[in-house]
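One structure is given below, encoded as structure tokens.
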Amino acid sequence: MLLNRRIQIIHSYVPIGLLVWLLFWFIPYYDQTERIILFAVFVVVPLTLYRVIESAKQKPLFLLNLLVSQIPIGAMALAVSFLLSPGIVAGFLSIPWGFATVWIAVTGVLLFSKRSANLAEISKGIGFLYISIGGIWVVAHQFGLPLLGFQGHIMLLTVNHFHYAGFVAPILFGFLHDSQWKSSLSRIMVVLGGIAPILIALGITYSPLLEWLSVVVFTLSLLLYSVLVFFSIIPKATGWTKGLHLLASSVIWMTMALAVTYGFGEWTGQPTLSISTMIFFHGWGNAVLFSFIGVLAWHATLMDRETSRIPFSLIQGKGKIGADVFTNLAVLDPAPKHKPTGLVDDMQTYRSERFNPDRIDEEIIRFYEHTDEYELHLSPNWSSGFKWPARVYKLMSQWLEQMNFPLEAETSELQVKSVILPIQDERDGRKQVRAWVRTYIPSRTAIYAALYSTHVSEDTRYMNIAFPLPYSQMTSILQLQDAADTLVLTSWPSEGVPGDQGVYLVINQKAIRLPINETITVWKDPESPKGEIEARHDMWLFGVKFLTLDYRIFKRS
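Residue 1 is where the sequence shown starts when you use the UniProt record's numbering, and the numbers rise one by one after that.
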């Protein structure tokens, strides 16, 4: 789980980095090229790293440990460095990001240098290598040192080039080739896209003709990418995934037309476009619309593929949820063939290599099969950094009456009603569906209302829990495991073993994997005078634990 937490922390850098970058936008001392580079450093690079590492076959923990610490340090240090004139101080402040790019290159070598690596993985590895060139050039620029005879603003343009054309483009080509591995056109695209960025840099250094020809080669690779996306990816995409691909793969026709025109002017000695025009249209277009939106498009595409085999509930809320939500939605089964009494009918159906129900205490099994016979008292423990946000969350959840977790421990005065309700399978879309609704008796305020079902994928049975939300729903897919006499239900992905487990936001059957995870640990305390069942419900956001719910579970008197 530690490995998966590191990946989620890298994921958290994307929204945090975007917020920080937007705050830096109001600092007038950055020029446009520096802003574009910082957009890569704070947003595009972390997003791309997360998507690649998440889908990589192997994920060495020691690589991620250093990346997790180095990326935010390097990004903030470079942002401060750009506020200073090139020199000793600015140079030293740029070193952490330079080191981060070198470590990204090392990560790429170790991830994609296997003998069995295919052309798609090689393309991704090339992108990981190219970004280190951008890191070296930014350090040289900030120290005020010329490199290969260049100095000044042209060095920052080179940094920009290798953070986007060098890093992101080959990775996007790799994603496309993964889905088009038999296509000759995609092979050509990968080869041309892999060699073009370094040829462009050599052309800038030694020959305007080589620079222009290299831009033409790179443009050809990008146009091939656009055409393949249009004909092979967009027709299969749904909803906003289609829109993201359409935008990202369309904009390069404009941005690369500008690049070819600019390169031709440099070769002939009759420039037709100014540097400022190229930065505004070509630079920002490639940074935001092609690179950022392009990676988001593939992120959505891969999530769609990963979730295609998961059955999600068709039931969504229509505003406030509350204890009567299933009555109001008219989804209750008035004449069920088998009235459910628990969250599951038979725990034996979850038997797998990871879970043997015979190892679990019989009382725990009975709780899950006959939940309506039990009472639950819970004590929340919000992590210190989330206590004030929890109060804001409570205002929303108390009105919504969904996932309405308490700020303080439940007491005997706050008696809780727990009920299992039959649901019409045809309305939900899943099988053997039942609802579990918990409410505070005095106020009839709902704590939560959830729809429990199950599904089988790759010989593993998962617990499939849907929480209706306004015009959407959140689904938690849990895998069951056993450890001695303890039952563990978790949404964390198993390291090295793909699975369906996770927490998803579902809108009109389009699922988005959320950066939230949960683990429920259930055990029988032999020292308890009443023989109570105890449970601990841990929840993480971006790999950081934000809430633990401790439960005492006992039979009703």
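C-beta atoms are modelled at their ideal positions from N, C-alpha and C, and glycine is treated no differently.
Residue environment: TRP298 is assigned as buried (16 or more neighbouring CB atoms within 10 Å of its CB, all protein chains considered).
Residue pairing from DSSP leaves TRP240 without any beta-bridge partner. Each residue's CA atom was taken as its position, placing THR241 and VAL288 some 16 Å apart. Counting along the chain, the unbroken beta strand (DSSP E) around ILE447 starts and ends at 446–457.
Distance from the Cα of THR521 is smallest, within the candidate group PHE26, GLN501, ASP485, for ASP485. Distance between ILE234 and ALA511, taken at the CA atoms: about 18 Å. The beta carbons of PHE355 and LEU480 sit closer together than 7 Å.
Beta-bridge partners assigned by DSSP to MET463: THR454, LEU478. Assignment of LYS394 by DSSP, reduced to helix, strand and coil, places it in the helix class. Short of 8 Å from the beta carbon of ASP345, and not among the five residues preceding or following it, lie these beta carbons of its own chain, in chain order: HIS338, GLU369, GLN432.
Here LEU469 is bridged, per DSSP, to SER472. For GLU518, no alpha helix (DSSP H) encloses it; the enclosing beta strand (DSSP E) starts and ends at 516–524.
Taking 7 Å as the cut-off, the Cβ atoms of ILE126 and GLY203 do not count as close.
Around the Cβ of ASP459, a 10 Å sphere holds fewer than 16 other Cβ atoms; the residue is exposed. Taking HIS177 as reference, the option from LEU228, ARG461, ALA449, LEU23 with the minimal CA-CA separation is LEU228. In this structure, TYR448 keeps its C-beta atom at 7 Å or more from the C-beta atom of ILE465. Contact between the stretch 15–23 and the stretch 38–54 is present, with at least three C-beta pairs closer than 8 Å.
Contact check between the stretch 133–152 and the stretch 89–104: three or more CB pairs, one atom from each, fall below 8 Å, which counts as touching.
Residue state for GLY317 is assigned as strand, using DSSP reduced to three classes.
By the C-beta criterion, the stretch 289–308 is judged to be in contact with the stretch 161–178, since at least 3 inter-stretch pairs fall below 8 Å. GLU534 is the residue among ILE364, GLU534, GLU518, ASN517 whose C-alpha sits nearest the C-alpha of ASP525. Here the alpha carbons of GLN151 and SER221 stand approximately 29 Å from one another. In the structure shown, TYR30 adopts coil according to DSSP, grouped into three states. For the pair GLN424 and VAL331, the CB atoms are nearer than the 7 Å cut-off. Inclusion of GLN32 and ILE279 in the CB contact set at 7 Å is warranted, their separation being smaller than that value.
If you keep only unbroken alpha helix (DSSP H) runs of at least 4 residues inside the stretch 21–92, you get 32–39, 45–55, 61–81. For ASP178, there is no enclosing beta strand (DSSP E); the residue is found in the alpha helix (DSSP H) stretching over 168–179.
Sequence-distant Cβ neighbours of VAL68 in its own chain, meaning closer than 7 Å and more than five residues away, are ARG6, ILE9, ILE10. By the Cβ rule, the stretch 536–556 counts as touching the stretch 364–381, because three or more pairs are nearer than 8 Å. The alpha-carbon separation between VAL392 and LEU487 amounts to approximately 33 Å. Separation of the CB atoms of THR219 and VAL260 is rounded to 6 Å, and the pair is thereby assigned contact status at 8 Å. When rounded, the separation of the alpha-carbon atoms in ASP333 and LEU314 is 15 Å. Spatial neighbours of ALA237 in its own chain (CB-CB distance under 7 Å, excluding positions within 5 residues in sequence) are listed in chain order as HIS245, THR301. In the DSSP assignment, VAL325 falls within the unbroken alpha helix (DSSP H) covering 325–328. Boundaries cannot be given for GLY285, as no alpha helix (DSSP H) includes it and DSSP labels it neither H nor E. Residue pairing by DSSP places MET254 opposite no residue, since no beta bridge is assigned to it.
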